[in-house]
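Okay, so here's the structure we're looking at.
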Amino acid sequence: MATTEKVEQLLAALTAFNKASIKYCLLRNYEFLFNYSLNAESLDASISKESMSKAHEILIFQGFSERKQQFSLCHRSYFKIVELDKISFDIQIGGVYWNDLLYLTEEIFQRRIAKDNVFVLSNNDLVLMLITHSILGKRYFKSKYQRIINNQFCDENDVYVSLAKLFNKSIAARLMQLRRENLLPIINPYYPLIVFLVKKPSRLITIGKLSVRWIRQRKNIFRLAPLVSIVGPDGAGKSSLTNYLYWFLQSKGRKSVVVYAGRGRNHLLPITALGRKYKRAEKHKENSVSNTYYFKKKVIYTISSIIFTLDLFLRYFITILPQRLAGNIVLTDRYCTDIVLMKYVPFSIKRIYLFLFPRPSLSIYLYNNVEILHQRRLEESVEELKRQMEIFEKFSYDLKLETNAQEENQEKIAAFVFRYLLRNWH
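Residue 211 in the working numbering is what sits at position 207 of the sequence shown, and the numbering runs on without skipping anything.
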């Protein structure tokens with residue numbers, strides 16, 4: 005169901021378009037603006053070339069973000085997170101296109117009509133657009149579009165002439181006849197599609213270029229899905245947040261997996277027993293030790309750190325990388341930051357270890373007051389938690405958040421991650 009808040013945000017942008025005399029018109033699937041019982045969808049719109057720069061400014065001012073340019077150069081997409089959901093404008097620039105091939109020119113702005121204070125296609129252009137869109141883009145007639153095509157009053161001769169220009173007179177006559185008989189779904193869409201493409205040979209070149217961009221973006225076997233790293237001291241809520249993000253992304257239809265990337269468990273090398281011994285030794289306090297003993301301990305721990313780092317390195321390439329190549333968003337609890345928390349290992353060496361690992365797409369740092377962290381993790385001393393905080397503060401992150409109000413923080417981080425994915429992924 006379209007919520008009031010989502011619709012009001014979209015209408016606010018359209019109202020700003022009207023005030024700025026933006027030449028635009030909505031193309032299809034905008035009924036939810038007038039009927040809240042329908043599901044809110046993206047608004048498909050066309051904006052004139054001369055109005056696009058001003059429309060961009062308005063959308064940014066209204067809080068929308070622009071998505072990274074997709075394979076279609078004649079489309080631009082803007083989105084906004086409202087109530088942890090997406091509202092968006094999918095804009096075609098200078099007319100109506102199929103795969104960067106223009107089939108309705110900017111003349112649509114001269115013929116557009118007002119409907120409840122927003123501009124939509126004229127009746128003739130609406131019927132023409134839905135027929136052409138169904139043939140070229142969908143390859144079939146959706147029942148919703150078929151119903152609109154059949155019931156929408158229009159000038160049949162005008163639509164016929166326009167279809168004849170796009171395809172040929174024979175196809176145009178056939179389409180108009182099937183419209184009158186309510187039989188449009190029986191037409192084979194591939195013959196009109198071929199006629200449309202070969203009518204202007206330059207269209208084949210445009211399709212070829214677009215196909216190359218599409219393959220690079222959508223079918224590139226080396227394109228990696230985002231890696232989101234959740235880090236912070238013990239007791240900061242890393243595991244809880246990671247599990248929440250996994251649930252949230254699943255609810256949005258985004259493929260995702262959770263991977264533990266610390267040194268405490270899930271080892272690939274047979275070092276679990278060594279890791280437990282290492283952890284116990286780290287927590288052990290020596291009141292006074294000789295310089296020789298400290299040097300030996302430093303050497304032993306530095307050598308051990310190489311083994312732990314190698315295990316984490318293998319986990320990236322054996323566990324994390326295949327998931328990213330498969331298009332799954334990877335959420336990591338820690339992601340190798342346990343390396344910098346190792347005691348008795350020179351910090352310069354730990355920096356070298358971290359340099360070997362690919363940077364995450366997003367890094368989120370959770371922190372809190374040391375006393376609060378200690379209340380959550382009584383097994384960790386205040387001194388140890390303070391040490392962890394001091395180390396983490398030496399690095400930069402995409403988002404730093406104090407973990408007080410858990411639900412509010414989870415929603416804030418979910419919106420932050422969702423916004424990144426919409427802008428840079430899909």
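Cβ coordinates follow ideal geometry from the N, Cα and C atoms, glycine included.
Based on the DSSP secondary-structure assignment, which residues constitute the bridge partners of residue i?
i	result
I51	Y28 and I97
D89	V86
L403	I368
A118	F123
S69	F83
W102	L105
Quick check on the DSSP output: the beta strand (DSSP E) that includes residue i runs from which residue to which?
i	result
I191	It is not in any beta strand (DSSP E) - I191 carries neither H nor E in the DSSP assignment.
T336	I333 to D337
Y107	L105 to L108
Which two residues bound the contiguous alpha helix (DSSP H) that contains residue i?
i	result
V262	Here V262 belongs to no alpha helix (DSSP H); instead the beta strand (DSSP E) covers S260 to Y264.
V232	No alpha helix (DSSP H) holds V232; the beta strand (DSSP E) holding it covers L231 to V235.
L37	Here L37 belongs to no alpha helix (DSSP H), and DSSP marks it neither H nor E.
R184	K173 to R184
S76	Premise fails: S76 is in no alpha helix (DSSP H) and is neither H nor E.
F396	V386 to F396
K416	Q410 to N428
K223	Run containing K223: none; DSSP gives neither H nor E here.
Q327	L325 to L329
R269	That residue, R269, is in no alpha helix (DSSP H); it is neither H nor E in DSSP.
Q156	Segment: none, Q156 is in no alpha helix (DSSP H) and carries neither H nor E.
K242	K242 to S255
V374	V374 to R380
A432	Outside the modelled stretch of the chain, which goes from 5 to 430, sits residue 432, for which no answer is possible.
R355	F351 to F359
Report buried or exposed for residue i, applying the criterion of at least 16 other Cβ atoms within 10 angstroms of its Cβ.
i	result
L167	buried
Y40	exposed
P196	buried
A177	exposed
D120	exposed
Y339	buried
V386	exposed
S292	For S292, the predicted model reports a pLDDT of 49, less than 50, meaning its position is unreliable and no value from the coordinates is stated.
F226	exposed
R355	exposed
K23	exposed
Y82	buried
Y194	exposed
V421	buried
N373	exposed
F145	buried
N128	buried
T109	exposed
S400	exposed
Q392	buried
A118	exposed
So, residue i versus residue j, is the Cβ gap smaller than 8 Å?
i	j	result
L366	L405	no
R71	L426	yes
F123	R115	no
L245	I333	no
I97	R80	yes
L382	A240	no
I62	F21	yes
I368	L345	no
G99	L106	yes
V199	N172	yes
S138	D104	no
L132	C29	no
D94	S243	no
S50	L31	yes
L170	I153	no
L329	S260	no
Tell me, please, whether the CB atom of residue i is closer than 8 Å to any CB atom in chain C?
i	result
L179	No chain C is present in this structure, which holds just one protein chain.
**Q.** At least three beta-carbon pairs within less than 8 Å, the segment 230-238 to the segment 361-380
**A.** yes
Q.
Between the segment 247-255 and the segment 318-326, can you find at least three pairs of beta-carbon atoms closer than 8 Å?
A. no
(Q) Would you call the segment 303-320 in contact with the segment 264-277, where contact means no fewer than 3 C-beta pairs closer than 8 Å? (A) yes
Q. Per the contact definition of three or more C-beta pairs closer than 8 Å, is the segment 10-21 in contact with the segment 36-54?
A. yes
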